[in-house]
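Here's the structure we're looking at; comments come further down.
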Amino acid sequence: MKFKLPWQKKNENAELESMENLLDSIFKPVGPSKEFSNKLRSDLIGRPKRKLFGLEIPNAKMGWALVGGIFGTVILIANAIISIMRFAKLLDKVGKKKKSQIQAAI
Amino acid sequence: MTLPDNLPTIQEISDEEALKRAAQGDRESFGLIYDRYITRIYNYIYYRTGNTHDAEDLTSQVFSRALKHITNYQDRGVPFSAWLYRIAHNLVANWHRDKSRKQEFALEDGIWSSKESEMPESVLLRVEQHDEILDLIRDIPEDRQMLIILKFVDHMPNAEIGKIMGKTEGAIKSLYHRTLLSLRNKIDADGLADNGNK
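As you go down the protein sequences, you meet chains A and B in turn.
When you read off a place in the first sequence, starting at 1, and then add 406, the result is the number in my numbering.
When you read off a place in the second sequence, starting at 1, and then add 6, the result is the number in my numbering.
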């Protein structure tokens, strides 16, 4: 170990302090730009997932597709019900017509 | 930056818990880790490379690599930040190997703090002086550069720096002392001492 005289130590401490002050003035936290950090975050993690009827929706396109699918199914079922009802009505009409024809024949 | 309502806030989840969840494929937990470390990792890379473009590029690579290998991460008693700094350190080392070109600092990068009353010429002069000192710092061994950045940019205590660098607190203190003295000598040798202190 190198022997140092008291005044040499004092001098060294002053030098270290001046170096610390110099480095303190040079280094400042920079931080990434908001734009960069937001973009990188969405690239890595993606946007927070939204839920629709308990299902996770990864993106808006998927959400619209799901809404479209549900709407289409409802229309299809409604149409099927209307068609069945019409068919039933038609059968009823035919039945009544036949009945009246039979009664007229009698 | 908003987080989903169903997740606890950043303060509520520890690094370990977030890591465990992230390793199981929970991207939002990785998001918490990302939010905690993005600035520190960026700052480290920025001062090692000296420009925004490469700092952004390498920061992206650090987090992409971390996400890719998060399932392989093993807790060996060192903080998670040490793992991230290690990735950053390796990428910067590769970058320095690949590109031997001299980096330039732009005024608009905004590293330098300047008082409004200062004249542009004096700001420019100081930027040049700081640039030369930063060039000197980039010539010192990598572990010393890391120590200086963690100390002066992140203001970390020696104990935390030790955990990140895999050294004892005493070893960090000693390395810090030697680094400052050698920098002082380099600055003196380059004749930057008087200008640099102003």
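Where is the CB? At the ideal position from N, CA and C, for every residue including glycine.
Check your understanding: Which full runs of the alpha helix (DSSP H) of 4+ residues lie inside the region 120 to 179 of chain B, going along the chain?
Key -> 126 to 145, 148 to 158 and 164 to 171
Exercise for review: Assuming residue 91 of chain B contacts residue 170 of chain B (C-beta within less than 8 Å), just tell me the rounded distance between them.
Suggested key: 5 Å
**Study point:** Inter-residue spacing [alpha-carbon to alpha-carbon] between residue 67 of chain B and residue 163 of chain B
**Key:** 27 Å
Practice item. Under 8 Å by Cβ, that's how I've got residue 426 of chain A and residue 130 of chain B pegged, so tell me the actual separation to the nearest angstrom. Key: That belief does not hold up - the Cβ atoms of residue 426 of chain A and residue 130 of chain B are roughly 25 Å apart, past 8 Å.
**Study point:** C-alpha distance - residue 100 of chain B paired with residue 422 of chain A, whole-angstrom precision
**Key:** 32 Å
Check your understanding: Are there 16 or more other CB atoms within 10 angstroms of the CB of residue 84 of chain B, so buried, or fewer, so exposed?
Key -> exposed
Exercise for review: Answer yes or no: does any C-beta atom of chain B fall closer than 8 Å to that of residue 531 of chain A?
Suggested key: In the structure as shown, chain A begins at 407 and stops at 512. Residue 531 of chain A is therefore absent and cannot be evaluated.
Point to revise | Range covered by the alpha helix (DSSP H) that runs through residue 52 of chain B | key: 33 to 55
**Study point:** Inter-residue spacing [alpha-carbon to alpha-carbon] between residue 492 of chain A and residue 512 of chain A
**Key:** 30 Å
Practice item. Identify the contact partners of residue 53 of chain B in chain A, using a Cβ-Cβ distance below 9 Å as the criterion. Key: 433 and 436
Check your understanding: For the alpha helix (DSSP H) that residue 478 of chain A lies in, which residues bound it at each end?
Key -> 466 to 511
Check your understanding: Contact between the region 183 to 197 of chain B and the region 143 to 155 of chain B: three or more CB pairs below 8 Å?
Key -> yes
Review point. Alpha carbon to alpha carbon, what distance is there between residue 135 of chain B and residue 46 of chain B?
Key: 25 Å
Review point. For residue 69 of chain B and chain A, any beta-carbon pair shorter than 8 Å?
Key: yes
Review point. Can you name the residues of chain B whose CB is closer than 8 Å to the CB of residue 550 of chain A?
Key: This structure gives no information on residue 550 of chain A, because the portion of chain A shown stretches from 407 to 512.
Review point. Heavy atom of the ligand FAD less than 7 Å from the Cβ of residue 511 of chain A, yes or no?
Key: For the structure depicted, the ligand FAD is absent and the ligand set is empty, with no information on it obtainable.
**Study point:** Chain-order list of residues whose beta-carbon lies under 7 Å from that of residue 19 of chain B (same chain, five-residue window excluded)
**Key:** 38
Check your understanding: Nearest-angstrom Cα distance between residue 32 of chain B and residue 70 of chain B?
Key -> 15 Å
Check your understanding: What are the residues of the region 480 to 500 of chain A that lie near chain B, defined by any Cβ-Cβ distance shorter than 7 Å?
Key -> none
Point to revise | Euclidean distance between Cα positions of residue 156 of chain B and residue 50 of chain B | key: 7 Å
Review point. Listing by chain order, which chain A residues have their CB less than 9 Å from the CB of residue 48 of chain B?
Key: 436, 437, 438, 442 and 443
Practice item. On a CA-only basis, which of B:158, B:179, B:59 and B:168 is nearest residue 428 of chain A? Give me that one, please. Key: B:158
Practice item. Give the interface partners of residue 425 of chain A over in chain B, defined as CB-CB distance under 7 Å, in chain order. Key: 186, 189 and 190
Check your understanding: Any beta-carbon of chain B closer than 8 Å to the one on residue 420 of chain A?
Key -> no
Exercise for review: For the alpha helix (DSSP H) holding residue 91 of chain B, just list the boundary residues, first then last.
Suggested key: 86 to 104
Check your understanding: Near residue 160 of chain B, what residues of its chain come up, given a Cβ to Cβ distance below 6 Å and the 5 sequence neighbours on each side ignored?
Key -> 46
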